[in-house]
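Position 35 of the first sequence, counted from 1, bears residue number 34 in numbering that gives the first Met the number 0, the numbering being contiguous throughout.
By construction, the Cβ of each residue, glycine as well, lies at the ideal position given by its N, Cα and C atoms.
What follows is one structure encoded as structure tokens, with my remarks underneath.
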Amino acid sequence: MANKIQTVKGTREFYPEQMALRNFIYEKVRAASRAFGYQEYDGPFIETIDLYAAKSGEELVKKQSFTFEDRGGDLVTLRPELTPSLARMIAAKQGELTFPVRWWSFGPFWRYEQPQKGRTREFFQWNIDMLGVNSPEADAELIAVAATFLRSINLDPTQATIFVNNRRLMEAEFDKLGIAPEKRLDVSNMVDRRSKMEPAKWDAYVLDSGLSQAQLDGLKSVLGNMELWKQSEELTRLFSALEALGVSDYVQYDPNIMRGLLYYTGTVFEAFETSGSLKRAILGGGRYDNLLADVGGQPLSGVGFAMGDVVMGIILQEKGLVPEFVPTPASVLVTVFDEALWMKSLELTTRLRSAGVNVMSYPEPTKLPKQFKFADKMKMKIALVLGPEEVEKGLVVVKNLLNGEQVQVKREAVTQSILEILNA
RNA sequence: GUGCCUGUAGCUCAAUGGCAGAGCGCCACACUGUGGAUGUGGAUGUUGUGGGUUCGAAACCCAUCAGGCACCCCA
0 MANKIQTVKG
10 TREFYPEQMA
20 LRNFIYEKVR
30 AASRAFGYQE
40 YDGPFIETID
50 LYAAKSGEEL
60 VKKQSFTFED
70 RGGDLVTLRP
80 ELTPSLARMI
90 AAKQGELTFP
100 VRWWSFGPFW
110 RYEQPQKGRT
120 REFFQWNIDM
130 LGVNSPEADA
140 ELIAVAATFL
150 RSINLDPTQA
160 TIFVNNRRLM
170 EAEFDKLGIA
180 PEKRLDVSNM
190 VDRRSKMEPA
200 KWDAYVLDSG
210 LSQAQLDGLK
220 SVLGNMELWK
230 QSEELTRLFS
240 ALEALGVSDY
250 VQYDPNIMRG
260 LLYYTGTVFE
270 AFETSGSLKR
280 AILGGGRYDN
290 LLADVGGQPL
300 SGVGFAMGDV
310 VMGIILQEKG
320 LVPEFVPTPA
330 SVLVTVFDEA
340 LWMKSLELTT
350 RLRSAGVNVM
360 SYPEPTKLPK
370 QFKFADKMKM
380 KIALVLGPEE
390 VEKGLVVVKN
400 LLNGEQVQVK
410 REAVTQSILE
420 ILNA
């Protein structure tokens, strides 16, 4: 142990069982994306630091990114997010892409943060965006993609909810309270932090930040008004589209959702698990204007969201929603009776593979009980036995490991016999 | 980057300064042409790592690494 080299802090190793979970998430993400016609894409995993320095905050670039000098002396960064790469890719082909662009991606990202439950330094993230259309109905589509995903993993609306708000609506309310435009960002951060603080402390914090008692009272009244959305044409249109898209059971209006990001300008949304141990967002996104402003393209509006695999994986495990792990993709084992008949078993695996059956043979002649135990532990469904008697008569023993029944069949009928069991 | 908690067998955890243990899992046998169940037997280990205190340390102290909780942040 002393000389064992550890993994880098905040990274995970994916043993086959964890890899199966990651792939499960990937498959569901892919299915939900494709159901709405989105195309898969990806960007580079390493980028120059300038790509992020342009738009992202100082905190991100200086403290929360994996940045280092390459051999040529350039500063490169392991990507902490995908949006800047997306913006550059869109800008580079802005004249030839067919808009609206609907793109999705699932890949690795890195952030130099303090690891905790639900937060690692290396993680996978689903990004999905629609670019070139600015409408509440487009916003609704992205929310519907998210809801479709939640439904596909059997997280029902009582377990996960997507909360929606609109920044323009909130800014109008801030204006009514006499909050100066330059204080909007501060106030947004206050709203963002409210759920994490004790009410009395939050009040003090707001007053400390320069708001009057009247403004504080007005703000609390706004944040308690769950009917506020009815004053916004964008949100009323959004909710009727969500109705038509069949996902309104997953969505709720909540004036407390703001999202920390600077670049959101309209609809914002965030999904939370409503009953679990994690108080972290499952996914979050919203509408942003001027995506291409910093990479030299024509102004382009878009809407999208991101979802990390870490929180999602924990939720799936805690809720028992992960499919049972099947150790091997081959459900048929051809046993090896003894050294003399070894090659007969190999020949049999070849014949079965030609017929499209995933099959493995035991890798050496050894006692049959050991081979059967192996098949059992690997949760295989069928074991074949080729002993002297079978070889002589041109037969094969097919044993159904699920119910223990076994039959001797002619060699030519083995595939048929196997398929009957596997398809049962 | 800050504070606190934790780290013992493959896993979950006991042992509070005096011989490092249990359950599960693992291996062997009962069973020489057949898995799961049962029974019997066996091995679990530099107590995260490095140092210190002590006659004696898994335990106390210091450092370090990792995980967790709360900050920070959440693009």
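- Excluding residues up to 5 positions away in sequence, Thr334, Tyr361 lie with their Cβ nearer than 6 Å to the Cβ of Gln370 in the same chain.
- Checking the DSSP bridge columns, you'll see Met359 partnered with Leu332.
- According to the DSSP secondary-structure assignment, Trp109 is paired through a beta bridge with Glu121.
- Taking the Cα of Ile313 as reference, the smallest distance to any Cα among Leu340, Phe324, Pro328, Arg279 is reached at Arg279.
- Following the DSSP letters along the chain, one finds Lys398 inside the beta strand (DSSP E) bounded by residues 394-399.
- Considering only Ser211, Glu411, Pro326, the residue with the shortest C-alpha distance to Gln17 is Pro326.
- Residue state for Phe98 is assigned as coil, using DSSP reduced to three classes.
- Bounds of the alpha helix (DSSP H) holding Glu172 are 166-175.
- Val413 and Val395 have their C-alpha atoms spaced approximately 7 Å apart.
- Here Phe324 is exposed. Its C-beta has fewer than 16 other C-beta atoms within 10 Å.
- Going by beta carbons, Pro254 and Leu227 fall inside the 7 Å limit.
- Ala270: member of the beta strand (DSSP E) spanning 263-272, first to last residue.
- Under DSSP, Ala305 shares a beta bridge with Asn126, Gly283.
- Straight-line measurement puts the Cα of Glu404 at about 13 Å from the Cα of Ile417.
- Spanning the alpha carbons of Ala159 and Leu149 requires a straight line of approximately 8 Å.
- Counting along the chain, Gln251 sits inside the beta strand (DSSP E) bounded by residues 250-252.
- Counting the other Cβ atoms within 10 Å of the Cβ of Ala34 gives fewer than 16, which makes it exposed.
- Inter-residue distance for Thr82 and Ala90 is about 12 Å (C-alpha atoms, whole angstroms).
- Sorting Gly9, Asp337, Asn224, Thr273 by C-alpha distance to the C-alpha of Val250 places Thr273 at the top.
- Distance from the CA atom of Glu338 to the CA atom of Pro364, rounded to whole angstroms, is 6 Å.
- With contacts defined as CB atoms closer than 7 Å, Thr10 and Glu80 fail to qualify as a contacting pair.
- A contact is defined here as three or more CB-CB pairs under 8 Å, and the stretch 205-220 fails this definition with respect to the stretch 119-137.
- In the three-state reduction of the DSSP assignment, Ala179 falls in the coil class, being assigned neither a helical nor a strand state.
- Excluding five sequence positions before and after Val397, the CB atoms of its chain that fall closer than 7 Å to its own CB belong to Ile381, Leu383, Gln405, Val406, Val408, Val413, Ser416, Ile417, given in chain order.
- The stretch 97-112 makes contact with the stretch 19-30, as at least three CB pairs between them are under 8 Å.
- For Gln316, DSSP assigns no beta-bridge partner whatsoever.
- Burial check for Ala143: the Cβ neighbour count within 10 Å reaches 16 or more, so the residue is buried.
- A distance below 6 Å between beta-carbons, with the five flanking residues on each side excluded, links Tyr262 to the following residues of its chain, in chain order: Tyr287.
- Phe65 and Asn422 have their C-alpha atoms spaced approximately 49 Å apart.
- Membership of Val75 in the beta strand (DSSP E) is indicated by the continuous run 74-77.
- In chain order, Gly42 place their CB closer than 7 Å to the CB of Met88, counting only its own chain and leaving out the 5 sequence neighbours on each side.
- Under the three-state reduction of DSSP output, Glu68 falls in the strand class.
- Spatial neighbours of Glu172 in its own chain (CB-CB distance under 6 Å, excluding positions within 5 residues in sequence) are listed in chain order as Val221.
- When Pro180, Ala179, Asp202, Glu181 are compared, the shortest CA-CA separation from Val190 is found for Asp202.
- Setting aside the 5 residues that flank it on each side, Leu282 is surrounded in the same chain by Ala145, Ala270, Phe304, Ala305, Met306, each with a C-beta closer than 7 Å to its C-beta; the list follows chain order.
- Contact between Leu237 and Thr266 holds: CB atoms are separated by about 6 Å, below the 8 Å threshold.
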